[in-house]
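Peer 1:
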């Protein structure tokens, strides 16, 4: 029997390009130092067992049954059925909650595909891995840019474009921090809300997306120059566009302006107390989830702080 296969994939956060990326424009995302680990234990029969914090599963390669708690994992298995001759057990462990905006669905999809292709002796390029993972996401939720998938596969900070599919590794590991608002709206639902508004003002929304892309392109240059103050200013500009799309809300606005205010108040005091907070914006599709800040870590009373660091490592197979 084959040895156990252990795969880890990092979570991810969006820095720039939300909403515009699904229109074909560029986005920027980064892998973070919180991972999802998938361990595959080979079996001699056709049984499939899954153990995870969100639910357990028992089935067969010959009769996979839908489970909404494990939809991404099961869809990844389904799309690999032609390559799977024997069953297996999957043990899924996460260093972060699936309720946080750290790309848990993307990370578990990426890790599961890596484990399955290792099990079936398939050698994939990163781009092939990305296309397989994107097929899973589209099959489950109907849409999705794949930016978080690319970050989990490639690691570090990446610039990403959907079509034609391009991934560019960006230099630098900026200091980032997340604050969780306490609730989230699923991305497909947010996209549907934006699409409904867009139908009433298509020309204006098209201009917003073009402006978003201009900001993201400038942010890519800021990364190339390691110019964090410029990047922070661009984050603030992008936040204005998110507000224009209608994906900001009262709680997110309060978080953003309280963070900016705290940094401003500290900067006017002694240098020993000086906090450098270059920029703050929504991370992800909006209407809940997380706010991301660039610069020194700042606590925000009433909201969960999620310290993160950029992970230069993407998905990895550790063997047994």
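Residue numbers (the numbering used here): 11 to 330. Each residue gets a CB set at the ideal place from its N, CA and C atoms; glycine is no exception. Predicted, not measured: the structure shown is a model, and the values here were computed from it.
1) Hey, could you find the ends of the beta strand (DSSP E) residue 20 is sitting in?
2) Grab the span of the alpha helix (DSSP H) containing residue 197 for me, first residue to last.
3) Can you give the Cα-Cα distance for residue 328 and residue 91, rounded to whole angstroms?
4) Using the C-alpha atoms, what's the distance from residue 301 back to residue 268?
5) Residues in the same chain with beta-carbon distance under 6 Å from residue 322, minus the five sequence neighbours each way, listed in chain order, please.
6) So, are the CB atoms of residue 118 and residue 159 less than 8 Å apart?
7) Rounded to the nearest angstrom, what separates residue 259 and residue 71 at their Cα positions?
8) Nearest CA to the CA of residue 246: which residue from 200, 223 and 303?
9) Is the region 142-153 close to the region 214-222, with three or more CB pairs under 8 Å?
10) Out of 253, 137, 226 and 252, which one is the CA nearest neighbour of residue 241?
11) Identify the continuous alpha helix (DSSP H) that holds residue 291 and give its terminal residues.
12) Tell me the residue span of the beta strand (DSSP E) that contains residue 43.
13) Buried or exposed: which applies to residue 317, given that a residue is buried once 16 or more other Cβ atoms fall within 10 Å of its Cβ?
14) In angstroms with no decimal places, state the Cα-to-Cα distance between residue 32 and residue 88.
Peer 2: Taking the structure as given:
1) The sequence position of residue 20 within the chain shown is 10, counting from 1. Here the beta strand (DSSP E) through residue 20 covers 15-26.
2) Working through the chain shown from its first residue, we reach residue 197 at position 187. Looking at the DSSP string, the run of the alpha helix (DSSP H) that includes residue 197 is 197-208.
3) One-based indexing of the chain shown puts residue 328 at position 318. One-based indexing of the chain shown puts residue 91 at position 81. Going from the Cα of residue 328 to the Cα of residue 91 covers about 23 Å.
4) As a position in the chain shown, residue 268 is number 258, starting the count at 1. As a position in the chain shown, residue 301 is number 291, starting the count at 1. Spanning the two alpha carbons is a distance of roughly 11 Å.
5) Numbered from 1 along the chain shown, position 312 holds the residue referred to as residue 322. 165 and 166, listed in sequence order.
6) For the purposes of this step, residue 118 is taken as residue 108 along the chain shown, with counting starting at 1. For the purposes of this step, residue 159 is taken as residue 149 along the chain shown, with counting starting at 1. Cβ atoms of residue 118 and residue 159: not closer than 8 Å.
7) Stepping through the chain shown from its first residue, residue 259 is reached at position 249. Stepping through the chain shown from its first residue, residue 71 is reached at position 61. Roughly 44 Å between the two C-alpha positions.
8) For this step, residue 246 is matched to residue 236 along the chain shown. Among 200, 223 and 303, the Cα nearest to that of residue 246 belongs to 303.
9) no
10) For this step, residue 241 is matched to residue 231 along the chain shown. Of the candidates 253, 137, 226 and 252, the one whose C-alpha sits nearest the C-alpha of residue 241 is 226.
11) In the chain shown, the residue the question calls residue 291 occupies position 281. Run containing residue 291: none in the alpha helix (DSSP H); it sits in the beta strand (DSSP E), 287-293.
12) Here residue 43 is taken as the residue at index 33 of the chain shown, counted from 1. That run of the beta strand (DSSP E) goes 37-52.
13) Translated into the one-based positions of the chain shown, residue 317 becomes position 307. The residue is exposed, with fewer than 16 neighbouring Cβ atoms inside 10 Å.
14) Here residue 32 refers to the residue found at position 22 when the chain shown is read from its first residue. Here residue 88 refers to the residue found at position 78 when the chain shown is read from its first residue. So the two alpha carbons sit approximately 26 Å from each other.
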